[in-house]
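Q: Okay, here's the structure, questions in a sec.
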Amino acid sequence: DAGVIQSPRHEVTEMGQEVTLRCKPISGHNSLFWYRQTMMRGLELLIYFNNNVPIDDSGMPEDRFSAKMPNASFSTLKIQPSEPRDSAVYFCASSGRALRSEQYFGPGTRLTVT
Amino acid sequence: AQTVTQSQPEMSVQEAETVTLSCTYDTSESNYYLFWYKQPPSRQMILVIRQEAYKQQNATENRFSVNFQKAAKSFSLKISDSQLGDTAMYFCAFMSVGGSEKLVFGKGTKLTVNP
């Protein structure tokens, strides 16, 4: 199995630009999570989907952030417009029905907004 | 809301020795999962060990074991025969059973294994 795939691995953009992060979960998994990691706040959940439906988006910081999951094998996290304080590592994770509690993480996307 | 506290920002240990990382949590729920994740310099998050709160037996995975004290809300990780490859950030995490599937993480402990 290829594991959770994220792209890009690194993204550098200027303030005000739109940023789109992509995630492909492990095949057969039905839950998908977006986490953000910063020095100040640590690891925190932004949003998660179950069967492609957003279940908990309480961690989404503001309207500049949006996430979609159009099908079981793809999700995007979009920031528009981006700000320097959005600089962080963004992780995607997925879990399956059989062992719901075990989340498998992708390699993360390091985002730098200048 | 659940909180997870790791009181040791950094620790070090000599190769082949044993080290214990501490974690405490706060919750009003009776059933939940607890985890330790490892994040090496590559930044990949790797699940080390999982404990279900309703199981009294402490989980073990090879050189990794936990000391789960439910009444004290304590969940420590013991690494035996430490290896250089164990050098990493270690995160303790909490998940409800039957509620939100989100993981609530502690701030992490940076472990360095010295040769």
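Just so you know, the protein sequences line up as chains A and B, in that order. Under the numbering used here, the first residue of the first sequence carries the number 1, and numbering increases by one thereafter. Under the numbering used here, the first residue of the second sequence carries the number 1001, and numbering increases by one thereafter. Each residue gets a CB set at the ideal place from its N, CA and C atoms; glycine is no exception.
(1) Count the other C-beta atoms from every protein chain shown that fall within 10 angstroms of the C-beta of B/L1111, then say buried if there are 16 or more, exposed otherwise.
(2) Please list the partners that B/S1100 has in chain A, where partner means a Cβ-to-Cβ separation under 7 Å.
(3) A/P25: buried (16+ other C-beta within 10 angstroms of its C-beta) or exposed?
(4) Can you tell which of A/H10, A/V19, A/P8 has its C-alpha closest to the C-alpha of A/K78?
(5) Verify the contact flag: A/I55, CB atom, against every heavy atom of the ligand MN, threshold strictly below 6 Å.
(6) So is A/P107 in contact with chain B if we call contact Cβ pairs under 7 Å?
(7) Taking just the CA atoms, how far does B/T1109 sit from A/Q17?
(8) Using 7 Å as the limit for Cβ to Cβ distance, is B/M1045 near chain A?
(9) Assuming A/L45 and A/G59 form a contact by the criterion Cβ under 8 Å, report the distance between their Cβ atoms to the nearest whole angstrom.
(10) What residue range does the beta strand (DSSP E) around B/E1010 cover?
(11) Is it buried or exposed for A/V12, if we count other Cβ within 10 angstroms and need 16 for buried?
(12) Skipping 5 residues on each side, what residues in its chain have a beta carbon closer than 6 Å to that of A/H10?
(13) Under a Cβ-count criterion, where at least 16 other Cβ atoms within 10 Å of its own Cβ denotes burial, should A/G106 be classed as buried or exposed?
(14) May I ask you to list, following chain order, the residues of the segment 1015-1041 of chain B that have a beta carbon less than 9 Å from some beta carbon of chain A?
A: A quick look at the data gives this:
(1) Its Cβ being crowded by 16 or more others within 10 Å, B/L1111 is buried.
(2) Correct list: D56.
(3) Counting Cβ neighbours within 10 Å, A/P25 comes out buried, since at least 16 surround it.
(4) Checked all of A/H10, A/V19, A/P8; the closest Cα to A/K78 is A/V19.
(5) This structure does not include the ligand MN; it has no bound ligands of any sort.
(6) Cβ-Cβ to chain B under 7 Å: yes for A/P107.
(7) Their backbone Cα atoms lie some 35 Å apart in a straight line.
(8) So, interface residue.
(9) Between A/L45 and A/G59 the beta-carbon gap is near 5 Å, inside 8 Å, which marks them as a contact.
(10) From DSSP, the beta strand (DSSP E) with B/E1010 extends over 1010-1014.
(11) The C-beta of A/V12 has fewer than 16 other C-beta atoms within 10 Å across all chains shown, which makes the residue exposed.
(12) Taken in chain order, the residues that qualify are R110.
(13) Under this definition A/G106 is a buried residue.
(14) Considering only beta carbons, the part of the segment 1015-1041 of chain B lying closer than 9 Å to chain A consists of Y1033, F1035, Y1037, Q1039, in chain order.
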